[in-house]
Every structure is written in C-alpha cells, then in structure tokens.
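What follows is a short report on a single structure.
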Amino acid sequence: MSLGYYFLLPVIFSFLTPYFKKLGSFTLRGSTILLMLILFLQTLAYTGVTLPQISEFSLKPPLGIAFILDGYSLLFLLIFTFSALIVSFYMVWFFKANKGRDEARFYVFFNMLIAGSIGMILSCDIFNLYIFFEITGICSYALSAYNKDKLGLESGIKYLIIGLIASIFIVFAIMLIYLQIGTVNLGLIAQRFGQIDPKISVLIVLMLFIGFGTKAELFPMNFWAPDIYQGSMASVNGLFSSVVAKAYLFVFFHLFYLFGLNSKYMLFVMVIGAITFLVSEFTALNQTNIKRLFAYSTLGQLGILFMALSTNSSATVSGALFHLTSHSISKLLIFLALGILIHKFKSAKIDILGNFKSGFLTIVLAIGFLSILGIPPFSGFVGKILILKGFALTQNYAAIAFILLVSIVEAVYFFRLTAMMLDKKRTKISVPIGFANYVVLSVLAVLIVLFGVYPSLLTHYTDLATNALLHPTNYLNYALGVGL
Amino acid sequence: MVFQIILLIMLAYVVGFIYFGLYRNITARIQGRYRPTVYQSFYDSIKLFSKKQSVSYGWMFYLGPIIMATGAVLTLILVPVFSDSDFLRSVTSQGNLFVLLYLMVLGPLGNALAVGTGGNPFGVMGVVRGLTRLIGLELPFYIAVVGLIIAANSSDIVHIIDMQKIGGLNIINHPLLFIGAMISMVGFFGESPFDIPGAPQEVYSGPRTEFSGKFLALLMSQGSLFAFAKLVLIVDLFLGGADSLEMLVLKTFAIFVSIIFIGIVYGRYKVEQAVDFLMKLPTLIAVLGLARVVWFG
Amino acid sequence: MNSIFLLLNLLPILFLYQFEGALHVSLPLTNEFTLSLIQTPLGSFFAYLSLISFLLVTIAQKSKKLSFSYYALQFLLSLAMLAIVLAGDFITFFIGWEIMTWSSYFIISKSNNMNIKSLQKYILFSLASAFSLIAGIVIAYSFANSFDFVAISNSFESMPFNIKVALIVLFSLSFFTKAGVIGLHYWVVDTYSKAPDLFSSILSAVMSKMGIYGLFLIYGNIIGYHELKIMFGTMLNGTDFGYVLAWIGVATSIIATFKAITQDEVKKLLAYSSIAQLGYIVAVIGFGTSYGVAGAMYHTLIHTIIKLLLFINVAAIVAQTGKNKFSELGGLIYRTPVSFVMLLIGIIGLAGMPPLGGFASKFMMYNAAIDTKFALILIGMLFSGAASFLYCYKLVYGIYLGHPTSKSLESTKEVSIHYLIPQIILALLLVLTGAFPGAFIKVINPILKEFSLSTIGYDGLGVMQSAVGNFNGFFIISAFVVIFLLILLLIWRIKSKAKNNLNRFDISYCGEVPTADTSLHYGYGFGTELYRIKFVNAILKRSSSHFYESLATQTKKTSELFSRMYYGNIHNTMIIILLFFSALFFLGVN
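Chains as they are written, first to last, in numbering that gives the first Met the number 0: chain F, 0 to 483; chain U, 0 to 296; chain W, 0 to 589.
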C-alpha cells in the first residue's frame with residue numbers, strides 16, 4: 000500500500016461521512032473504527048519492512064511530492080494510529096451515552112485530524128508539511144468547539160487565533176527558505192541550510208521555533224493551551240495530548256536535526272523545555288478544573304520531552320521517545336477515564352475524582368498516574384530512567400536534579416488526586432462504565448504495565464527512531480531521490 | 000559457690016543494715032534529735048517479715064518487690080567483692096560494667112510495675128519522678144564509668160581493679176570522674192538534694208506507698224543489699240577494691256559517710272532542678288575527666 | 000483468604016532455603032538493563048527478617064476481616080522488599096523500592112483514620128527518598144556504565160572525590176528518610192499512627208529496616224568501610240565519617256526519645272520510639288568496625304522483634320477497646336493478662352534490660368563505641384537509653400496499670416488468640432536472642448566477611464565476645480531466673496494473708512478516701528514535667544514541622560504566582576508571543 004493512503008483513506012472516509020450517516024449511526028461508527036483499524040494494521044505491517052519507505056506522487060523527488068516513512072516517523076505513526084483506534088472505540092460509548100449529538104460532524108473532523116497529523120509526519124517537503132499543519136489546525140479548532148457551549152466556542156476561537164499566528168510565522172519561514180534556497184524539499188533544504196546568510200538563518204529558525212513552539216505548547220507561548228483543553232471534550236483532549244501535540248513536536252525535532260540546528264540551539268531548547276516543565280507543574284498544583292489540571296500536566300511532560308530530545312545524545316533521545324510513547328498512552332487513558340466521570344457528574348471539578356465508586360476506574364487511573372510520575376513497574380518508569388541515564392552519561396547532573404525536583408511537585412497533585420479517589424469519607428456514587436470502555440481502558444492499562452515490565456517491546460522501535468532522528472542520512476538520500 | 004553466695008548475701012545484709020542504722024543515727028545526731036539504735040533497721044525488717052500484708056492488688060503487685068530483690072542480688076553477686084581472691088570469681092567474671100549499669104535500673108523498673116498495679120497516684124508519681132530524675136542522675140555516673148572503661152580498655156571490673164594495682168588508684172588518676180560518679184551516687188542512695196522519688200512530705204513516700212508486711216520488708220532488705228553492692232562497686236572502680244574484710248568495710252564506710260555528709264546539708268531539689276543541675280556542673284566535670292582519658296590517655 | 004496468603008508468604012522460603020547462594024537469577028529487561036537477584040548473607044538476613052515479620056502479622060490479621068486487595072497489596076509489598084534485599088543491581092533495587100512505596104501507600108490509604116494530608120506527607124517523603132536514590136543511581140551509572148552492584152563498587156574508587164561525596168549524601172539522604180532520621184522523620188509519626196493498626200507493625204519493623212539495609216549496602220558493600228576510611232580519614236579509633244554519622248544517630252535517638260515521652264497517642268509513642276531505636280543503628284553503622292556492624296545488625300533484629308510485638312499488642316488492645324490514647328486507657332492488667340505479659344516482655348527488651356535480647360544488642364553497640372573510643376557518642380546512647388525508661392514505663396502503665404479511666408474498660412476481655420500467637424512467638428524470640436548472643440554472632444560472621452571485616456569471637460551459643468569484655472547472656476538469664484524463683488519461693492513460704500482489694504478506691508491517700516471524681520490514673524500525663532527541664536524543653540518545643548509547612552506554603556504561593564500568568568486573555572498571549580519573538584530575534588541577530 001502506498002503511503003499516500005494514510006492521507007487519502009481518512010479523507011475519503013471524511014467525505015463519505017454524510018452517506019454513512021444516512022445509513023445509520025452503526026455504519027458511521029463502524030466505518031471509522033474500520034478505517035482506524037486498517038491504518039493501525041497497516042502501520043503494524045510496516046514494522047516488518049526495511050525502512051525508510053518512500054511513496055512519490057507524479058514526479059520523483061526532489062522535484063515531486065513524496066511521503067517518507069523512516070524509523071522516527073514509524074514510531075509516531077504507531078502512536079497516532081493506535082490512539083485514533085482507541086478513541087474511535089471510545090466514541091461508540093460516548094455517542095451512545097450522549098444521544099442526539101451530531102456524530103457526523105465529529106467524525107468528519109476526527110478523520111481529517113488524523114489525516115493531517117499523519118501527513119505532517121510523513122511529508123518530505125516543507126510546503127506540504129505546512130498544508131497538513133493547516134489541515135490539522137482547522138480540524139483541531141473545529142473539534143475543540145464541538146461542544147457548542149460558551150467554553151467550547153471560546154476555546155475554538157482562541158485556538159483559531161493562535162493557530163493563525165503560528166501559521167503566519169511558519170509561512171514566513173517557508174517563504175524565506177524558498178527565497179534563499181529555491182526549494183521546498185526537506186532534503187535539499189537540509190543540504191543547503193548551512194549556506195544561508197547566518198542572520199537570515201537565525202530569523203528562519205526563530206520563526207519556525209515560534210510557529211511550531213506555539214503549537215507544541217512551549218513556554219511562554221502556551222498561555223492559550225489550558226483554555227483549549229478546558230473547553231474541549233475529554234476524548235478530544237486525549238487526542239490533543241497524545242496525537243496533535245506530539246505531531247507538532249515531531250516536526251519540531253525533525254527539522255531541528257535535519258537542518259543541523261542541534262549544536263547551536265541545543266541549550267536554548269533545553270532551557271525552554273525546562274522552564275515549560277517547571278512553570279506547568281507548579282501551575283498545575285493550583286488547579287480546580289480537572290481538564291485544565293491535566294492540560295498543565297501535558298505541558299509539563301512536553302517540557303521534559305523538549306529537554307531530553309534536544310540533547311543530541313542517542314541514549315537520552317531514545318529514552319525521551321520511550322517516555323513520549325508512554326506519556327501518550329497514559330494521558331489517553333487518563334483523559335478517556337475522566338471523560339466517563341465528567342459525563343456522569345456533568346462537571347469537571349477535581350472533586351469528581353473523590354466522588355465516584357468504581358474499583359476498575361480507580362485502578363486504571365492510578366496506573367495512569369503512577370506511569371506518568373515514572374514509578375515502576377509502569378512504562379513511565381522506563382522512559383524516565385532512560386532519560387535520566389542519558390543525562391547522566393553526558394554528565395548533565397543539573398538536568399537530573401532539575402527533573403527529579405520538579406517531579407516531586409508533580410507528585411504533589413497526582414497523589415492528591417489519588418488520595419481523593421481513595422478517601423473513604425467522601426460520598427461515593429457508582430459510575431456506569433460501558434463495555435466498550437472496559438475494553439478500551441483495560442487495553443491501555445495493560446499496555447502501560449506491559450511496556451513497564453517488558454520494555455524491549457518498545458525499545459526496539461525507539462532505538463530505530465532515535466537512529467533515524469539523529470542520523471538522517473538515509474532519510475536525506477530518499478528525500479533527494481538518491482536512494483531510488 | 001552457693002555457700003559463698005549465701006555468705007555474701009548475709010554479709011551484705013548485715014553490713015547494709017548497719018550502715019542504714021548508722022545513717023539514721025548520724026542524721027539524727029547532726030539534726031540534734033532523738034535517734035534510733037544502730038540495729039533499729041534489723042528490728043524493723045524482722046518485724047515486717049512477720050506482719051501481714053494489709054491489701055493485695057493481684058500477682059503483679061507481689062512480683063514487683065521480688066523482681067527488685069532479684070536485681071539487687073544479681074548486682075551483688077556480679078560485683079567482685081574481694082580483689083586478689085577467688086571468692087566468687089567464677090560468677091563475677093560473667094558480669095561486666097555494662098551489665099551492672101543496666102541491672103542497677105532493672106530492680107526499680109520492676110518495682111515500678113508493681114507500684115503502677117497498686118494504682119496509688121502517689122506511688123506512680125514517685126516512680127515518674129524517679130525515672131525523670133534518672134535522665135540527669137545517670138549522666139555523670141555513665142560518663143565516669145565510660146571514662147574508666149576506656150582508660151582500662153575493658154569493661155571487666157576485675158581488670159579495672161588490677162589496673163589500679165599497677166598504675167595507682169583511679170581516685171587519684173581520674174579525680175574528675177570520681178567527683179562525677181560521687182554526685183550521682185548521692186542520688187542513687189536517695190540522699191538530698193536528689194531524694195525526689197520518695198519524698199515523704201510530698202508524695203507520701205512515693206513508690207513504697209502501698210507496700211506493707213513482708214513485701215515492705217523485702218524492699219527494705221533489697222535496699223540494704225543493693226546499697227552495699229553500689230558501695231562495693233565504687234570501691235572497686237575508684238579505690239582499687241579491697242583484699243580483706245576490714246579494708247572492705249573501711250573503704251565502703253568512707254564512701255558511705257561522705258555520701259551522707261553531702262546529703263545531709265542540702266535541701267531537696269524539685270525534679271526539674273535536679274536534672275538541670277546534674278546536666279550542668281557534674282556532667283561538665285565528668286566530661287572534662289572523660290576528655291582527659293580519651294585525648295591524653 | 001488469610002490462610003491462602005499465609006501460605007503464599009511461606010513460598011519465598013523455598014527459594015531461600017540457605018543463607019547464601021541459593022538464589023541467582025538474572026532477567027534481561029531491555030538491551031541495557033538486566034534485573035538480577037543474588038542471595039548474599041546480608042540480603043538473606045534482611046529477607047528472613049521481612050519474611051518472618053510478614054508471616055506473623057498475617058497470622059494476627061486473621062482476627063480482622065480484610066479485603067482481598069489488602070492482602071494482595073501486602074503480598075506485593077513483601078515481594079517488593081524481597082526484591083530490594085536480594086537485588087544484585089540498582090535497577091532491581093529501585094523497582095523494589097518504588098513498588099514498596101506505592102503498595103504500602105495503597106494499604107495505608109485503607110485505614111479509617113487516614114486523611115489526605117497524612118497520605119500526602121507519606122508519599123511525598125517516600126518519593127523524595129526514591130528520587131534522591133535514583134539520582135545517586137544514575138550518577139553512579141555515569142561512571143560505572145553499569146547498574147550492577149559489583150561494577151559500581153569496583154569503579155567507585157576511581158570516581159572524583161566530589162562525586163563520591165555526592166553519592167554518599169544522596170544515598171544516605173534516601174535511606175535516612177526511610178529510617179526516619181531526625182529532620183527527615185516528619186512523615187513517620189503521622190503515618191505510623193494513622194496506618195491500619197496491624198500494618199503499623201510492618202511499617203516500623205520491616206519497612207524502616209529497608210533504609211537500614213540500604214545503608215549497609217552502600218557503606219558496607221558498595222563503597223566499603225575501608226574506602227570510607229581512606230576517603231575521610233580516621234578519628235580516634237574510628238573514622239571521621241563514622242563520627243559524623245554517629246552524631247546524627249545519637250541526636251535522632253535523644254530527640255525522638257524525649258518526643259516519645261510526651262505523646263498521648265499510643266502509636267505515636269511507638270513511632271517516636273521507633274525513630275529513636277533506629278537512631279542507635281544509624282549511630283553505629285558508620286563506625287566501620289566489626290563491632291559496629293554487629294551491633295547495628297543485632298539491634299536491627301531486636302528492634303524488628305520488639306516493634307512487631309508492641310505494635311501487634313497495641314493493635315489488639317485498640318481493636319478490643321476502641322481507644323488509642325493513654326488518657327483513655329488504663330487498668331487492663333487483670334482483664335487482659337496475657338497481653339500484659341507480652342507487652343511487659345516487649346518493653347523490657349525495648350528498655351534494653353539485661354536478661355532479654357534488647358540488652359545483648361545494646362551491649363554490642365556500646366562495645367563498638369568503646370572500641371572506637373567515641374566516648375561522647377556512647378554517653379549519648381546511654382543517656383537516651385536512660386530517658387527511654389520513661390516512655391517504656393508510660394507504655395505499660397498507661398495501658399495496663401493504674402485505674403481504668405472509663406467504665407467501659409472494666410468489662411474488657413482478653414484479646415483474640417490470633418493476636419496472641421505471634422506475640423508469644425516474638426516474646427520467645429526475644430528471650431532466645433538474649434540467652435544466646437553467641438548464636439547470633441555465628442549468623443552475622445558471614446556478613447562481616449562480606450564487608451571484609453574481621454569476624455567476632457563467640458564461646459558456645461551463650462557468650463558473645465568483644466574487645467572490652469564478654470557478655471554471657473545464658474548465664475545472666477539463668478542466674479536471673481534462678482534467683483527470682485528462689486526469692487519467690489522464700490517469700491511464698493513466709494505466711495501472711497492479705498484481703499483482696501476489689502475496690503479501686505481502697506488505697507492510702509493521705510488519710511482521705513478518693514471518690515469517683517478523683518483522677519487516679521496519674522501516669523498518662525507523664526512528660527509534662529519534662530517541659531520544665533530547660534534542656535529537654537529546648538528539644539520538645541522545636542519541631543521540623545515549621546520548616547516543612549513553610550516549604551508547602553512557599554510552593555503554594557509559587558504555584559499561585561505562576562497560575563496568574565494563565566488567565567486566558569488571548570490578546571496578551573499574542574503580545575507575549577510577538578514580544579518573545581522580537582526579543583529572541585534581537586538576541587539572535589546580535
């Protein structure tokens with residue numbers, strides 16, 4: 000199957016949504032599940048082939064448009080398609096529980112969002128990348144405004160404005176690149192980036208940094224993010240946290256290493272990541288809205304990932320990619336579980352965590368919390384220890400101390416929530432969970448434990464990804480059409 | 000050996016009671032009042048053994064004095080009485096100073112249980128005062144003992160006695176430690192200014208409040224045994240032990256009289272005053288002595 | 000359910016049937032990490048300690064209706080502890096350590112007395128301990144390129160001096176927190192007192208020992224006492240390092256002892272006493288001599304036995320009466336006589352009185368101090384020991400002696416047999432450890448060899464030898480029993496009758512007759528007079544809580560400050576982005 004289907008299939012399904020809707024909601028939901036299943040299985044199939052893979056359209060690169068799948072994008076592709084599959088299952092419960100919602104509108108944007116995100120990580124020229132960036136953006140605005148209430152619309156509008164600002168920066172950056180180098184092919188840009196006048200190159204880098212940094216929720220460009228999370232549905236939050244934000248992060252570091260910016264800007268990105276981590280975790284302490292709280296938590300984890308991914312050391316980067324995967328799974332689990340509670344209590348105050356009665360939800364939430372905190376035997380631990388190990392190998396003890404100290408702050412609110420769940424003195428109301436959710440949440444929880452006790456399952460892919468990210472020679476050859 | 004132990008207990012019993020009689024006698028003389036005979040304590044003891052216990056508070060109440068007496072006897076047989084003789088040497092060689100330090104407290108603690116069982120608040124008050132006092136009281140004595148152990152590099156009392164034969168008496172070699180130990184001893188003998196637990200005017204004789212009959216007699220007897228053991232211990236540690244009965248009596252008596260004379264001229268401290276005092280000057284003196292031992296051999 | 004988990008608890012013994020080398024497993028986790036379990040004498044010592052403790056506590060738990068999840072978590076906890084003590088590398092150690100942290104957290108949260116604040120205290124200190132540990136681990140890794148104990152131990156010598164010190168500090172901080180060294184003990188008292196009653200015994204007897212195990216592992220095995228001596232130099236006959244550590248331990252012991260005396264809640268007293276006893280161990284653990292290690296080991300064993308005994312005893316009383324304060328208890332001696340005797344044996348051990356094991360361990364520690372000539376340390380230990388008599392007495396008096404403080408206590412029945420069985424076993428152990436100190440020396444000599452220290456002599460099973468004197472436990476206990484029986488017989492023979500006192504007011508009370516309103520249970524208030532002693536008052540009125548409370552307040556304020564930035568004004572967000580861009584551009588271009 001050509002890589003193009005990763006984009007094409009969701010788009011086709013999106014366009015067919017009105018017809019599916021006429022056939023009934025079962026077809027609508029089923030078709031989406033089917034689509035996501037196909038994408039996921041296809042991705043699994045790609046784990047067996049030699050990488051990179053390339054699919055070109057019309058002309059051969061570097062002149063034509065092409066999708067390239069290397070180790071780095073494979074890991075993200077796995078995360079994205081898996082998350083999408085999980086969310087599509089979850090939405091079955093959601094729409095059953097919330098009768099009368101406009102399903103078609105959700106699925107159209109959901110499919111397009113996945114298409115855009117996948118396009119961003121596969122695309123090998125910067126202009127297409129921008130197009131997918133915009134597609135993802137527009138779908139995100141629409142999805143975050145899916146709840147047509149005050150908060151939902153507010154978040155949609157805010158996201159739109161911020162998205163436009165980010166786009167402006169990126170468009171300018173692409174324009175400057177094109178003016179300087181005369182191409183939009185990533186391979187050619189990477190080759191010739193060093194020849195640009197340093198002053199212009201600084202400007203380009205800065206614009207890309209601001210553009211993608213804003214979308215990837217870096218401090219101080221992330222003041223909008225918690226509002227978006229607060230206004231959106233829990234499942235959409237899960238998507239934002241484990242797919243959309245990760246897609247922007249992917250592009251950020253893809254360009255970062257492709258353009259060889261690592262030596263010059265490493266410390267800068269690391270410090271920005273550290274500040275993001277610090278500020279977000281401290282801010283999260285003070286939150287009363289559960290979605291907002293986990294929004295800050297997501298920002299904080301992105302901060303750690305930025306810190307670790309910018310180090311240019313394969314040990315740390317591999318750890319960070321492990322952590323990223325683990326974080327995607329855990330956050331998805333948490334947001335989906337919270338969705339069930341929010342639906343039941345019609346409130347997103349953190350008190351709802353203290354008021355539900357369900358052993359299953361308590362256990363899966365606790366697993367999610369412990370995993371994010373990096374406590375064994377859950378997957379977060381492996382990621383964290385690998386990151387710390389990587390920092391230790393480069394003798395960066397300050398980063399170790401910083402991560403551990405801020406993690407204690409993180410633990411404060413995570414365990415406050417845990418303690419609320421366990422507090423017997425609160426009034427407890429039993430919560431219906433639904434069969435689909437039992438399956439979905441169990442799968443996520445089992446994966447967290449599995450990656451925790453048997454990390455080799457995942458380290459294979461993170462090592463591949465690290466290699467591809469830090470040594471993009473193969474990728475460049477394919478992008479330039481040399482390898483063909 | 001059993002014979003020797005019985006002999007020793009009888010000796011301690013007699014000497015202890017005579018000392019106790021003397022104490023009452025001398026105190027009365029100094030205070031200028033009528034005095035009992037020296038043998039009064041014997042009479043009291045024998046009389047009490049034959050008298051009936053007025054009330055009972057169950058088995059634990061009975062066990063207290065017995066534990067206390069056990070502690071006293073055990074202390075007595077573990078302290079070498081005569082240096083340079085094989086008298087009970089096989090037994091005393093099993094003990095050492097650390098065991099003795101703790102055995103000296105075992106009795107009072109056992110009795111405290113009985114007092115608690117009795118449920119008399121005065122009794123318990125006495126016990127609590129006693130234990131609180133112990134915080135300060137043990138301190139100079141501990142320091143002195145530790146100093147001697149380090150000086151002799153052995154916690155074996157016989158060894159400490161032997162060392163004094165070669166290097167001179169500890170009272171001369173380590174006078175500061177001796178002073179510290181003696182101040183503690185004043186308290187151990189229940190003398191002013193540290194006679195807080197049994198203060199008859201305030202807490203109604205404290206721990207002994209509820210006891211009568213044979214148990215009071217047992218408490219008195221063990222008191223005299225224990226007093227003798229403590230005197231012998233001081234003699235062993237600082238005065239080079241005694242190789243004959245006369246020397247033993249002479250040396251213990253000297254220690255005893257000095258303790259009485261110290262005690263007699265002071266009024267009673269409150270418990271917090273006592274601890275405060277003991278933690279300052281006596282501790283300082285003893286620590287100086289200790290520092291001398293540790294740093295200057 | 001109880002029986003199943005009882006059997007499950009016995010399972011690990013199959014793999015640990017001998018003291019050394021019965022177990023050698025390694026599992027690859029990733030390409031880089033291998034989990035390995037190795038049985039060393041040190042590990043076996045602690046493994047058996049924890050296994051037996053869990054077994055005894057499970058027996059006592061038969062008297063309670065506990066859920067499956069409780070037992071499962073407890074079993075997980077026991078396995079985690081085994082992983083800690085049998086670990087052959089730091090990753091296994093750390094995984095065990097963290098599983099221990101969270102499984103105990105979930106058990107503690109099941110208590111009815113628990114509140115969020117105490118839970119937070121527990122978990123945050125545990126995590127701080129764990130993070131300090133992991134920091135040390137990765138720093139060690141950066142030099143050794145391996146997590147294996149042996150590899151790290153081998154490369155330790157070649158590390159720079161400041162890294163060595165950093166490692167020692169990080170590891171020590173982590174293990175001190177678990178053991179509750181003063182200043183880091185803030186969580187201990189709250190947690191021990193609010194945890195489920197029987198689980199407190201596990202916390203105090205076993206979990207705190209994991210901190211001690213860690214210290215042994217670091218000082219003895221990984222760094223090695225010899226290396227510590229080279230690093231820091233010597234002082235008197237010990238090391239500088241040991242001297243500093245000893246002061247930390249002694250200060251812990253003294254402060255906690257005084258705090259213990261003033262507690263009204265039974266389990267709080269025990270918690271402080273636990274801190275104080277571990278203070279002794281910390282004090283001697285750094286001496287770096289055979290006697291120091293032996294003393295610390297012996298006291299570890301004794302403290303485990305005693306604290307299990309006391310906590311189970313108290314748990315039984317709390318279950319029976321529903322009261323957990325000295326001011327609400329009293330006079331239970333003839334109502335629960337067996338419990339009383341068990342507690343009595345426990346406190347005799349706790350006070351370190353001669354015939355029982357408590358003395359043997361203290362004797363070893365004192366000898367260690369004499370051996371190194373750390374005289375002031377020894378004085379400190381003796382001093383704290385003398386002060387501990389007060390809380391020992393308070394414990395027995397407040398619960399069992401004196402008068403019942405309320406009517407309901409007068410009809411209390413003896414506690415359930417399930418509580419008594421483990422107590423009786425423990426009491427016997429306490430007697431045996433007192434009577435046969437030589438046997439213990441035999442057990443720990445392999446551990447001393449593991450630390451490459453000289454072994455200690457023993458003469459038969461009854462005599463323990465040391466540099467400055469021998470302790471014949473068997474003689475002392477036999478002599479004590481014989482003399483006791485003889486005097487008992489003598490007194491028995493002297494005939495005298497007494498009327499049995501059935502009326503609690505029938506006491507000598509200065510010629511007056513107390514009434515029902517008269518407060519006769521004096522002892523629960525002990526400790527008030529301590530406030531009048533200047534030195535003790537200075538200790539009692541200080542508390543580490545101010546520091547931690549203000550830390551929490553500061554964190555909260557920082558959090559508020561930061562969250563003020565996120566107030567959701569989109570214009571300002573845009574302006575900030577533009578300003579940030581301009582600032583970076585300005586900096587970047589120049």
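Backbone N, C-alpha and C fix where the C-beta goes; we use that ideal spot for every residue, glycine too.
Between U:Ala-180 and chain W, is any beta-carbon pair separated by less than 8 angstroms?
Walking along the second sequence from the start, residue 180 of chain U turns up at place 181. No, U:Ala-180 does not count as interfacial toward chain W.
In three-state terms, what does DSSP make of W:Leu-34?
Counting from one through the third sequence, the residue named residue 34 of chain W turns up at place 35. W:Leu-34 falls in the strand class under three-state DSSP.
Should W:Tyr-396 go down as buried or exposed, given a rule of 16 or more other Cβ atoms within 10 Å for buried?
Residue mapping note: residue 396 of chain W aligns to position 397 of the third sequence, counting from 1. Classification for W:Tyr-396: buried.
Please return the same chain residues whose Cβ sits closer than 6 angstroms to the Cβ of F:Ser-82, not counting the five positions on each side in sequence.
Taking the first sequence and counting its residues from 1, the one referred to as residue 82 of chain F is at position 83. Contacts found: Ser-241, Val-242 and Leu-331.
Determine the contact status of F:Ile-188 and F:Ile-199, defining contact as a CB-CB distance below 8 angstroms.
The residue you call residue 188 of chain F lines up with position 189 of the first sequence. The residue you call residue 199 of chain F lines up with position 200 of the first sequence. No; because the gap between Cβ atoms is not below 8 angstroms, this pair is not in contact.
I'd like to check one pair, F:Ile-333 with F:Phe-293: are the Cβ atoms closer than 8 angstroms?
Within the first sequence, residue 293 of chain F is the residue found at index 294, counting from 1. Within the first sequence, residue 333 of chain F is the residue found at index 334, counting from 1. Annotated as proximal: F:Phe-293 and F:Ile-333, with beta-carbon spacing under 8 angstroms.
So the alpha helix (DSSP H) F:Gln-286 belongs to, where does it begin and stop?
Position 287 of the first sequence, counting from 1, holds the residue named residue 286 of chain F. Counting along the chain, F:Gln-286 falls outside any alpha helix (DSSP H), and DSSP gives it neither H nor E.
Contacting positions in the segment 434-456 of chain W - beta carbon closer than 7 angstroms to chain U:
If the cut-off is 7 angstroms between Cβ atoms, the segment 434-456 of chain W has nothing near chain U.
Within chain W, the residues that F:Trp-223 reaches when beta carbons sit closer than 7 angstroms
Residue 223 of chain F sits at position 224 when you count from the first residue of the first sequence. In chain order: Ile-569 and Thr-572.
Do W:Val-467 and U:Ser-243 have their C-beta atoms within less than 8 angstroms of each other?
Counted from its first residue, the third sequence places residue 467 of chain W at position 468. Counted from its first residue, the second sequence places residue 243 of chain U at position 244. It is not a contact, given that the beta carbons lie outside the stated cut-off.
Meets three-Cβ-pair contact criterion under 8 angstroms: the segment 99-115 of chain U and the segment 250-268 of chain U
no
If you follow the beta strand (DSSP E) that W:Val-24 is in, where does it begin and where does it stop?
Position 25 of the third sequence, counted from the first residue, corresponds to residue 24 of chain W. Annotation for W:Val-24: the continuous beta strand (DSSP E) segment containing it runs 23-27.
6 angstroms Cβ shell around W:Leu-425 - same chain, five flanking residues per side excluded:
One-based indexing of the third sequence puts residue 425 of chain W at position 426. Excluding residues up to 5 positions away in sequence, Ile-304, Leu-307 and Leu-308 lie with their Cβ nearer than 6 angstroms to the Cβ of W:Leu-425 in the same chain.
Whole angstroms are fine: how far does the CA of W:Phe-561 sit from the CA of F:Ala-400?
Counted from its first residue, the first sequence places residue 400 of chain F at position 401. Counted from its first residue, the third sequence places residue 561 of chain W at position 562. Straight-line Cα distance between these residues: approximately 21 angstroms.
Residues bridged to F:Phe-524 [DSSP beta-bridge criterion]
Lying outside 0 to 483, the shown extent of chain F, residue 524 of chain F is not represented and no answer is given.
Around the C-beta of F:Cys-138, are 16 or more other C-beta atoms found within 10 angstroms, so that it is buried, or is it exposed?
Counted from its first residue, the first sequence places residue 138 of chain F at position 139. Buried.
Just to confirm, is the Cβ distance from W:Pro-513 to W:Phe-525 under 8 angstroms?
Residue 513 of chain W sits at position 514 when you count from the first residue of the third sequence. Residue 525 of chain W sits at position 526 when you count from the first residue of the third sequence. Not in contact: W:Pro-513 and W:Phe-525 (Cβ atoms no closer than 8 angstroms).
Could you tell me the boundaries of the alpha helix (DSSP H) in which F:Asn-184 lies?
Residue numbering aside, residue 184 of chain F sits at position 185 when the first sequence is read from its first letter. Neither: F:Asn-184 is in no alpha helix (DSSP H) and is coded neither H nor E.
Assign W:Gly-321 to buried or exposed, taking buried as 16 or more other Cβ atoms, counted over all protein chains shown, within 10 Å of its Cβ.
Taking the first residue of the third sequence as 1, we reach residue 321 of chain W at position 322. With fewer than 16 other Cβ atoms inside 10 Å of its own Cβ, W:Gly-321 counts as exposed.
First through last residue of the alpha helix (DSSP H) which encompasses W:Glu-97:
As a first step, residue 97 of chain W must be located in the third sequence, where it is residue number 98. Start and end: 89-107.
Assign F:Phe-321 to one of three DSSP states: helix, strand, or coil.
Walking along the first sequence from the start, residue 321 of chain F turns up at place 322. Note: F:Phe-321 maps to helix in three-state DSSP.
Taking any Cβ of chain U, which residues in the segment 384-398 of chain W have a Cβ under 9 angstroms from it, in chain order?
Gly-384, Ala-385, Ala-386, Phe-388, Leu-389, Cys-391, Tyr-392, Lys-393, Val-395 and Tyr-396
What are the start and end residues of the alpha helix (DSSP H) that includes U:Gln-221?
By one-based count along the second sequence, residue 221 of chain U stands at place 222. Unbroken alpha helix (DSSP H) run through U:Gln-221: 212-237.
Residue range of the alpha helix (DSSP H) that includes W:Ile-416:
By one-based count along the third sequence, residue 416 of chain W stands at place 417. Run containing W:Ile-416: 416-434, per the alpha helix (DSSP H) assignment.
Is it true that the segment 276-287 of chain W meets the segment 321-331 of chain W, where meeting means three or more beta-carbon pairs spaced less than 8 angstroms apart?
Look at the beta carbons and you see the segment 276-287 of chain W not touching the segment 321-331 of chain W: under three pairs across the two are nearer than 8 angstroms.
Short of 7 angstroms Cβ to Cβ, which residues in the segment 263-286 of chain U face chain W?
So the close ones are Val-270, Glu-271, Val-274, Asp-275 and Met-278.
Across which residues does DSSP place F:Ile-428 in a beta bridge pair?
Along the first sequence, one-based indexing puts residue 428 of chain F at 429. Paired residue(s): F:Phe-355.
Pick helix, strand or coil for W:Gly-237, following the three-state DSSP scheme.
The count along the third sequence starts at 1 and reaches residue 237 of chain W at position 238. Three-state DSSP puts W:Gly-237 in a strand.
Starting from U:Asp-43, trace the alpha helix (DSSP H) in both directions and tell me its first and last residue.
For this step, residue 43 of chain U is matched to residue 44 along the second sequence. Segment 39-49, the alpha helix (DSSP H) holding U:Asp-43.
Taking a contact to mean a Cβ-Cβ separation below 8 angstroms, would you say F:Ile-164 touches W:Met-573 in this structure?
Here the question's residue 164 of chain F lines up with position 165 in the first sequence. Here the question's residue 573 of chain W lines up with position 574 in the third sequence. The answer is yes: Cβ separation under 8 angstroms.
Who are the Cβ neighbours of W:Phe-93 in its own chain at under 7 angstroms, not counting the five residues just before and after it?
As a working note, residue 93 of chain W is residue 94 in the third sequence. Here the set comprises Leu-132, Ile-133 and Ile-136.
May I ask you to list, following chain order, the residues of the segment 462-476 of chain W that have a beta carbon less than 8 angstroms from some beta carbon of chain U?
Ala-466, Val-467, Gly-468, Asn-469, Phe-470, Asn-471, Phe-474 and Ile-475
Does the segment 244-254 of chain U come close enough to the segment 333-346 of chain W to have 3 or more Cβ pairs within less than 8 angstroms?
They do not touch, by the three-pair rule.
Residues bridged to F:Lys-348 [DSSP beta-bridge criterion]:
Numbered from its first residue, the first sequence carries residue 348 of chain F at position 349. Here F:Lys-348 is bridged, per DSSP, to F:Asn-288.
Since U:Met-59 meets chain W, which of its residues come closer than 7 angstroms, beta carbon to beta carbon?
If you number the second sequence from 1, residue 59 of chain U lands on position 60. Those within 7 angstroms of U:Met-59 in chain W are Ile-332.
Interface flag, F:Ile-160 vs chain W, CB-CB below 8 angstroms
As a position in the first sequence, residue 160 of chain F is number 161, starting the count at 1. True, the Cβ-Cβ gap to chain W drops below 8 angstroms.
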